[in-house]
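Residue numbers (this note's numbering): 1 to 173. What follows is a set of notes on a single structure, which appears directly below.
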């Protein structure tokens with residue numbers, strides 16, 4: 001490995017502490033999008049006209065209460081999302097990213113996924129796993145981005161922060 005390392009110019013220089021003296025605690029971090037990964041927001045926009053306005057939300061909730069098929073479908077999605085999050089949080093910290101505000105996410109979650117809203121509120125209280133505390137954190141975009149480049153830059157910075165916070169802290173000398 002050392003010979004290979006000297007042949008690759010971008011390989012980081014050897015660390016003073018031998019790698020054998022470091023303990024790597026296996027760590028997982030889960031970064032999940034709220035929109036169209038955990039919650040089918042585009043589907044709700046098309047099906048019941050959900051948009052991030054109060055009027056739209058009221059109309060969408062009224063349409064939802066009249067549509068038994070939609071209620072059943074969203075209950076299934078909700079059940080799978082909760083099970084997925086339960087599994088993920090048992091393995092490491094979970095970060096849920098939203099393009100909208102946290103308040104909008106909470107309101108739509110409570111309206112269309114009430115059990116998931118309850119689970120997320122309860123998950124905010126730390127869950128113990130392997131003597132470490134893992135939590136679910138919701139991270140909202142700090143602003144509405146003008147273009148995909150701004151959004152991508154924010155996401156790249158956020159991913160770097162998550163790695164620094166969760167993964168690199170698990171290296172112990």
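Glycine included, each C-beta is placed from N, C-alpha and C at the ideal position.
A Cβ-Cβ distance of about 6 Å is found for the pair residue 120 and residue 136, placing them in contact under the 8 Å criterion.
Relative to residue 36, the option among 114, 147, 109 and 153 whose CA is nearest is 109. A contact between stretches requires three or more CB pairs, one per stretch, nearer than 8 Å, and the stretch 27 to 43 meets this requirement with the stretch 95 to 109.
It is roughly 20 Å from the alpha-carbon of residue 76 to the alpha-carbon of residue 49.
By the Cβ-count criterion, residue 94 is buried, with 16 or more other Cβ atoms from all chains shown falling within 10 Å of its own Cβ.
Taken in chain order, the whole alpha helix (DSSP H) runs of length 4 or more contained in the stretch 12 to 94 are 41 to 48, 54 to 66 and 68 to 91. DSSP lists 98 as the beta-bridge partner residues of residue 140. If you draw a straight line from the Cα of residue 32 to the Cα of residue 85, it comes to about 10 Å. Annotation: the continuous alpha helix (DSSP H) that includes residue 148 extends over 148 to 162.
A distance below 6 Å between beta-carbons, with the five flanking residues on each side excluded, links residue 74 to the following residues of its chain, in chain order: 112. Under the three-state reduction of DSSP output, residue 115 falls in the helix class.
The C-beta distance from residue 30 to residue 88 rounds to 4 Å, short enough to meet the 8 Å contact threshold.
When the alpha-carbon of residue 34 is set against those of 46, 157, 138 and 166, the nearest one is in 138.
Around the beta carbon of residue 165, a 10 Å sphere encloses fewer than 16 other beta carbons of the protein chains shown; the residue is thus reported as exposed.
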